[in-house]
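Scroll down for the structure; my scribbles are underneath it.
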């Protein structure tokens, strides 16, 4: 009888998935990582918590004392990792460190090169699928109290990262607004990061306040708004000394290499604004006072020319002056999408992008602030109408004159004219405009006052905020963000 010689076989069992092998660092990258850990995780508490999180045997930790430098201590840890004391030791260490300090570019570059080459918002072990609550807590008692309050809110907190200054927890919710509303009922200093959002800390920020004092901020959540930082720095400097200072508007600049400054949006958080570890920030009032002695008029005119030309050189701004030596008039020509006068009364403004602005160094300069005039047609609350209207029919109407507000009110002779140029650029972009100012009477009750040159432009600006935001402008009144924050930063004066 014929038989079927074929043998029935089943599909082979898939091999169990093996854990990834540990990463192998080049000698150069190992030395770089060692230096980073000796600098960033330089306290006993931060170093110990990090190693506990990756499963390092606590009994094998080297002794920590003031006589041993953090770098030497970490060198011993790396030697133990080289010996395989912790499975996937370097992979776990790098992943956990980046979860905590993603804003450290050197650390994150090593992570992308060895662990996960992709966006941090989706990287395993680094991204957060739910909201993360950051709480300022600098002792075990404060951390335990924060954890207890989160549990009492039924948020099911799980540790995300913990440092000497901050405790962060993932919570059982992906709704940032709901979590914020719950946290708002507590007395904790907190902020909330959205799912796959700014769920990390900036280890170090250097901030210069309005009076030139410098501060070091440690372990600041990247979800904290720039305006929150500015408010805390101003409060630290002026609380009890100048009650009006905290009501004055501030500007926030990123200090670039070479000392150049770039305006930042105060409504953004540190992550949105692109601030990384070690960034330098300058906070100033719209017209900041200073202590530089004024020169005579000739020196001041020469200095003004250098400052204006220096500002314009890297910003595609054309400058024409009435003298190469001691100019008293500067015409700035530049491009910026904005709004021109309506074609008909009560009509919508036109779209424009070319501007020409004149800076006049008046007879009293530098003791007196310059005058500024818009020479091209422009539609702005704080620019006197450049177009025909009832206001310009008055004899001597100052067409195009710019209300400089705080700049003029708090002018000082050594004021940097580059800062004035920045104000002009912000006015052109509708990032600087005012409809109501604030007066502070003796009882400190704030009352509004009218603060505009062009009432039609002011009325339009209030009613058309979306159009202003569409060109990158700022709201006339700061918009209440979906997620408020009452996090208190760790400020330490360093200069």
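Residue numbers (the numbering used here): 22 to 516. Note that the Cβ used here is the ideal one computed from N, Cα and C, for glycine as well.
Beyond the five residues adjoining it in sequence on each side, residue 134 comes within less than 8 Å, by CB distance, of 50 in the same chain, given in chain order. Restricting attention to 101, 486 and 304, the CA atom closest to the CA of residue 233 is found in 304. Close CB contacts of residue 185 within its chain, under the 6 Å cut and outside five residues either way in sequence, are with 64, 66 and 67 (chain order). The C-alpha of residue 412 lies about 37 Å from the C-alpha of residue 319.
For residue 167, the CB contacts under 7 Å within the same chain, skipping 5 residues up- and downstream, are 156, 158, 188 and 209 in chain order. A contact is defined here as three or more CB-CB pairs under 8 Å, and the segment 106 to 120 fails this definition with respect to the segment 277 to 291.
For residue 201 and residue 170, the gap between their C-alpha atoms comes out near 14 Å. Between the alpha carbons of residue 225 and residue 240 lies a gap of roughly 6 Å. For residue 374, the secondary structure class from DSSP, reduced to helix, strand or coil, is strand.
Your pair residue 122 and residue 61 checks out as a contact, with CB atoms roughly 6 Å apart and the cut at 8 Å.
If the five residues before and after residue 326 are omitted, its C-beta is found closer than 6 Å to the C-beta atoms of 348, all from its own chain and listed in chain order.
The beta-carbon separation of residue 176 and residue 194, rounded to 7 Å, stays under the 8 Å limit for a contact. In this structure, the beta-carbon distance from residue 147 to residue 190 does not fall below 8 Å.
By alpha-carbon distance to residue 494, the top candidate from 511, 361 and 453 is 453.
For residue 180, the beta-bridge partners assigned by DSSP are 190.
Listed as beta-bridge partners of residue 288 by DSSP are no residues whatsoever.
With a beta-carbon spacing of about 4 Å, residue 328 and residue 438 fall inside the 8 Å limit used to define contacts. Short of 6 Å from the beta carbon of residue 478, and not among the five residues preceding or following it, lie these beta carbons of its own chain, in chain order: 400, 401 and 402. Taking residue 489 as the centre and dropping the five residues before and after it, the same chain places the C-beta of 451 closer than 6 Å to its C-beta, in chain order.
In this structure, the straight-line span from the alpha carbon of residue 256 to that of residue 204 is close to 23 Å. Residue 287 is positioned such that its CB atom lies no closer than 8 Å to that of residue 346.
For the pair residue 180 and residue 212, the Cα-to-Cα distance works out to about 15 Å. Judged by DSSP in its simplified three-state form, residue 111 adopts helix. Taking the Cα positions, residue 165 is about 56 Å away from residue 355.
By the CB criterion at 8 Å, residue 386 and residue 372 fall outside the cutoff. Unbroken alpha helix (DSSP H) stretches of 4 residues or longer found wholly inside the segment 79 to 133: 91 to 103 and 110 to 121, given in chain order. In the assembly as shown, residue 149 is a buried residue. Its beta-carbon has 16 or more other beta-carbons within 10 Å. In the three-state reduction of the DSSP assignment, residue 475 falls in the coil class. By DSSP's assignment, residue 422 forms a beta bridge with 394. Between residue 218 and residue 244 a beta carbon distance of about 7 Å is seen, short of the 8 Å cut, so the two are scored as contacting.
In this structure, the CA atom of residue 482 is about 17 Å from the CA atom of residue 398.
With contacts defined as CB atoms closer than 8 Å, residue 55 and residue 102 fail to qualify as a contacting pair. Between the alpha carbons of residue 410 and residue 443 lies a gap of roughly 29 Å. Here DSSP, grouped into helix, strand and coil, assigns residue 481 to helix. Judged by beta-carbon spacing, residue 302 lies within the 8 Å limit of residue 228, meaning their Cβ atoms are closer than that value.
Residue 224 is not bridged by DSSP to any residue.
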